[in-house]
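A.B. asks: For the sequence shown, the working numbering assigns the number -17 to the initial residue and increments by one for each residue that follows. Backbone N, C-alpha and C fix where the C-beta goes; we use that ideal spot for every residue, glycine too. Since we're looking at a predicted model, the values are computed, not measured. The following block contains the structure, expressed as structure tokens.
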Amino acid sequence: MKARSTGSPWSFDAAAEFLTVSARHLMRLADAGKLKTIRIGHRRLIPDVEVIRIAKEGC
């Protein structure tokens, strides 16, 4: 995994690798409103605080 800047948003693939779940699972959570995402251009990303929240609470 590449080094990340603290606070920068995560791609679904990077967050999935970090959380040891599939990117599709994270997409389903986001589609269900259980995971907040942001849009930068055409990319849909996961804020750093959401990845930390999911890591603590579990998904």
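Can you say whether residue 22 is buried or exposed, counting buried as having 16 or more other CB atoms within 10 angstroms of its CB?
C.D. replies: The count along the sequence shown starts at 1 and reaches residue 22 at position 40. Classification for residue 22: exposed.
A.B. asks: With 16 as the cutoff for other CB atoms within 10 Å, does residue 36 come out buried or exposed?
C.D. replies: By one-based count along the sequence shown, residue 36 stands at place 54. So residue 36 ends up on the buried side.
A.B. asks: Is residue 8 near residue 28, with beta carbons less than 8 Å apart?
C.D. replies: Taking the first residue of the sequence shown as position 1, residue 8 is located at position 26. Taking the first residue of the sequence shown as position 1, residue 28 is located at position 46. It is a contact, given that the beta carbons lie within the stated cut-off.
A.B. asks: What is the residue span of the alpha helix (DSSP H) that residue 8 lies within?
C.D. replies: Taking the first residue of the sequence shown as position 1, residue 8 is located at position 26. Where residue 8 is concerned, the enclosing alpha helix (DSSP H) stretches over 5 to 13.
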